[in-house]
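Line order of the protein sequences matches chains L and B. Sequential numbering of the first sequence, starting at 44, is according to our numbering. Sequential numbering of the second sequence, starting at 44, is according to our numbering. Note that the Cβ used here is the ideal one computed from N, Cα and C, for glycine as well. So the structure is just underneath, and the comments pick up after that.
There are 2 protein chains.
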Amino acid sequence: MPKADDPNQTTPKPGQRKAGAATKTPTRTEMVHEALRQAIIEQQLSPGARLPEDMIGDSFGTSRTIAREALLRLSVEGLVDLRPNRGAFVANPTLDEGRDIFVVRRGLERMVVLQLAGQLNADQIAELQRMLDHEEMTGARDEREAIRLAGEFHLRLAEMTGNKLLVHYLRETVSRCSLVLTIYGRPHSVDCGIDEHRQIIEALIAGQGDQAADLMEHHIEQVAGRALLETRKPRSVQEVLSSYATRIAQD
Amino acid sequence: MPKADDPNQTTPKPGQRKAGAATKTPTRTEMVHEALRQAIIEQQLSPGARLPEDMIGDSFGTSRTIAREALLRLSVEGLVDLRPNRGAFVANPTLDEGRDIFVVRRGLERMVVLQLAGQLNADQIAELQRMLDHEEMTGARDEREAIRLAGEFHLRLAEMTGNKLLVHYLRETVSRCSLVLTIYGRPHSVDCGIDEHRQIIEALIAGQGDQAADLMEHHIEQVAGRALLETRKPRSVQEVLSSYATRIAQD
DNA sequence: CAAAAAAAGATCGCATGCAATCTTGACATG
DNA sequence: CATGTCAAGATTGCATGCGATCTTTTTTTG
């Protein structure tokens with residue numbers, strides 16, 4: 044859990060932006076936003092947990108204003124549930140919602156590969172190959188890192204389309220998928236098969252868009268299937284009840 | 044332009060929620076957010092226009108806090124451009140970005156019809172038919188209303204999938220498309236052909252998903268094509284320059 | 001007179017305060 | 001002893017204030 048007792052509490056000097064001219068002012072809100080985002084998708088904050096503004100402000104050494112803004116952003120991304128006059132909670136999607144999220148992801152990834160088929164240049168191909176090699180090496184060693192790298196592969200692919208909105212939506216959806224997997228996923232499932240990634244790249248290079256699309260849809264289906272359908276892993280009582288609680292509170 | 048000189052400026056009583064128990068507390072932020080959203084997609088606020096927090100607060104009789112939150116939400120939706128330390132502007136996407144938006148919309152709409160093919164029940168079919176009739180009647184009379192109804196048709200279709208995330212993304216993308224059309228669209232193009240809508244419904248009822256998907260993609264392509272490719276309508280000098288100005292300011 | 005420097009004005013980033021609302025626990029009542 | 005009522009505590013919704021930053025205008029200087 045991120046905890047930074049910032050000393051500028053008494054002397055707030057928000058404008059300390061001189062060193063790296065290239066970096067475009069990471070405002071405090073963005074920092075808190077990103078930190079919370081990471082904490083959630085890395086399972087440091089479990090679904091359903093309360094996120095009081097005061098607590099977040101104290102943790103990061105800022106005021107509630109910042110926390111509030113970060114929470115608002117996260118709620119738009121679907122990682123946080125914002126209940127009026129009640130407060131913020133780490134999102135706790137139902138199994139059905141989880142399936143819906145994967146449906147959307149499948150469609151978005153399909154768009155990506157259809158756009159990319161036969162359009163990749165040599166540099167891009169080289170970069171993707173490098174990422175796959177890196178993935179493969181890390182795979183057996185560090186599981187959490189492997190998951191992160193797999194997600195980044197999908198995102199990098201999307202970025203190569205040059206379609207900002209597509210990247211934006213895919214990034215959000217991948218985050219949501221991470222959250223869903225922390226709730227319903229089995230603990231030791233390496234989510235992305237690297238072979239499948241390689242096959243997709245092959246099809247993209249060959250310019251076989253439909254083939255790549257089918258492979259990608261199958262690939263996402265695999266991930267979703269392994270996590271959501273096959274094994275209904277026994278959840279803790281707390282998780283089950285909190286899920287029911289949210290359903291009640293919504294009426 | 045929405046302007047409501049709220050008299051509770053001096054005596055702010057935000058909790059006036061008793062009449063309709065069914066309505067779930069439309070908080071001030073949400074109201075301002077929705078009002079601005081409408082103003083933008085209905086062309087009451089032209090792309091590139093400045094949106095100072097103070098001005099918005101004054102217009103709605105609230106503080107900057109509310110305006111700020113609404114602007115943040117709108118920026119996530121892509122209707123507002125938020126430049127750090129500079130302020131908010133009505134989004135002014137480039138032609139390329141506009142095309143990207145339509146690409147995403149095409150993909151999302153494809154997902155919708157694939158989900159829906161052969162799944163519609165009698166009530167849903169009846170409702171859709173009713174909407175189409177209504178569209179057809181309004182068509183010639185009130186152009187702006189016709190455009191709104193056409194958009195609602197697409198959205199209602201999405202809602203019938205029951206996929207919250209899909210609805211969310213499609214709603215955002217439709218809004219963005221409206222904005223793009225206000226910039227690059229020809230003035231008197233009725234964007235959605237009602238016949239095309241009817242054909243799609245027919246295919247959905249018949250359970251021909253691929254057929255419906257093709258029709259839908261073609262339909263969106265039509266709209267995008269009419270607006271973005273065919274006629275490069277001469278834009279006002281102000282619009283052209285403001286677009287250049289933003290490009291310069293970003294470096 | 002043009003260009004740079006400085007001052008003034010406008011607007012944002014953020015912190016903080018107060019009232020409204022929700023939650024929790026004490027107390028009364030059948 | 002269970003249940004309903006109410007007061008205390010916690011937390012949010014919103015407004016406002018101050019310093020920082022960006023923009024524009026004015027002044028200075030070559």
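The closest CA to that of ASN135 (chain B), considering only B:ARG173, B:ALA92, B:GLN254, is found on B:ALA92. Annotated as distal: ILE99 (chain L) and LEU222 (chain L), with beta-carbon spacing of 8 Å or more.
Residues LEU175 of the same chain have their beta carbon placed closer than 8 Å to that of ARG241 (chain L), with the five preceding and five following residues left out of the count. When rounded, the separation of the alpha-carbon atoms in GLN162 (chain L) and LEU247 (chain L) is 8 Å. Within the segment 192–221 of chain B, the residues whose Cβ lies closer than 7 Å to some Cβ of chain L are ASN206, LYS207, LEU208, LEU209, TYR212, listed in chain order.
Following the DSSP letters along the chain, one finds LEU122 (chain L) in no beta strand (DSSP E), marked with neither H nor E. Under the three-state reduction of DSSP, ALA92 (chain B) is assigned to coil, being neither helix nor strand. The alpha-carbon of GLY104 (chain L) is positioned some 42 Å away from that of GLU264 (chain L). For LEU115 (chain B), the nearest CB of chain L lies under 8 Å from its own CB, placing it at the interface with that chain.
Ranked by Cα distance from PHE132 (chain B), the options B:GLN254, B:LEU157, B:GLU96, B:SER106 are led by B:GLU96. Distance between LEU258 (chain L) and THR108 (chain L), taken at the CA atoms: about 45 Å. Membership of GLY130 (chain L) in the beta strand (DSSP E) is indicated by the continuous run 130–133. When Cβ-Cβ separations below 8 Å define contact, GLU264 (chain L) makes no contact with chain B. What ILE144 (chain L) touches in chain B, judged by beta-carbon distance under 7 Å, is LEU208, going in chain order.
Take the alpha-carbon of ILE243 (chain B) and the one of ARG148 (chain B): they are about 16 Å apart. At least one CB of chain L lies nearer than 8 Å to the CB of PRO127 (chain B). For GLY150 (chain B), the C-beta contacts it makes with chain L under 9 Å involve GLY150, LEU151, ARG153, MET154, LEU157, LEU209, in order along the chain.
Looking at the DSSP output, ARG126 (chain L) bridges to L:GLY130. Each residue's CA atom was taken as its position, placing LEU157 (chain B) and VAL210 (chain L) some 22 Å apart. Assigned with DSSP and collapsed to three states, ARG80 (chain B) falls in helix. In the three-state reduction of the DSSP assignment, LEU151 (chain B) falls in the helix class. Straight across, the Cα-Cα distance linking LEU224 (chain L) with LEU138 (chain L) is about 10 Å. With a threshold of 8 Å between beta carbons, VAL75 (chain L) makes no contact with chain B.
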